[in-house]
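Peer 1: The sequence shown begins at 3 in the numbering used here and counts up one residue at a time.
Every residue gets a Cβ at the ideal spot worked out from N, C-alpha and C, and that includes glycine.
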Amino acid sequence: MFVGFGSKRFPNISNILRSLVFDYSTHNDESIALINFEVDDQSPEDLAVGLEHLRELDGVIDISQNMLMMKKNRVATGIQILAE
Numbered sequence: 003m004f005v006g007f008g009s010k011r012f013p014n015i016s017n018i019l020r021s022l023v024f025d026y027s028t029h030n031d032e033s034i035a036l037i038n039f040e041v042d043d044q045s046p047e048d049l050a051v052g053l054e055h056l057r058e059l060d061g062v063i064d065i066s067q068n069m070l071m072m073k074k075n076r077v078a079t080g081i082q083i084l085a086e
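#1: Are the Cβ atoms of Asp48 and Met72 separated by less than 8 Å?
#2: If you draw a straight line from the C-alpha of Ser66 to the C-alpha of Glu54, how long is it?
#3: In the structure shown, what three-state DSSP assignment does Gly80 receive?
#4: Quick check on this structure: which residue in Asn75, Asn68, Lys10 has the alpha carbon closest to the alpha carbon of Ile81?
#5: Could you pull out every unbroken beta strand (DSSP E) segment of at least 3 residues lying fully inside the region 17-53, listed in chain order?
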């Protein structure tokens, strides 16, 4: 498990990223990674710019985003990235 803290400070909001890496099988010659995370309190414009930068990275196969309802009916965005 990897945990990263951002350098930007937000009042009353944690700036943290936690990622889990699993190795299910060593028998496959090909592997595809699925990266899931949720983004809360982010403007759609900033999110679009960030996702476009991710799409341009080598190894990224596809990126999808979904609207989520979080606790207390807050709207968030769920992001899924398929990568080689």
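Peer 2: With the given structure in hand:
#1: Mapped onto the sequence shown, residue 48 falls at position 46. Mapped onto the sequence shown, residue 72 falls at position 70. Contact: no.
#2: Your numbering for residue 66 matches position 64 in the sequence shown. Your numbering for residue 54 matches position 52 in the sequence shown. Their Cα atoms are separated by approximately 11 Å.
#3: Taking the sequence shown and counting its residues from 1, one reaches residue 80 at position 78. In this structure, Gly80 counts as strand in the three-state DSSP scheme.
#4: In the sequence shown, counting from the first residue as 1, residue 81 sits at position 79. Of the candidates Asn75, Asn68, Lys10, the one whose C-alpha sits nearest the C-alpha of Ile81 is Asn68.
#5: 18-21, 35-42
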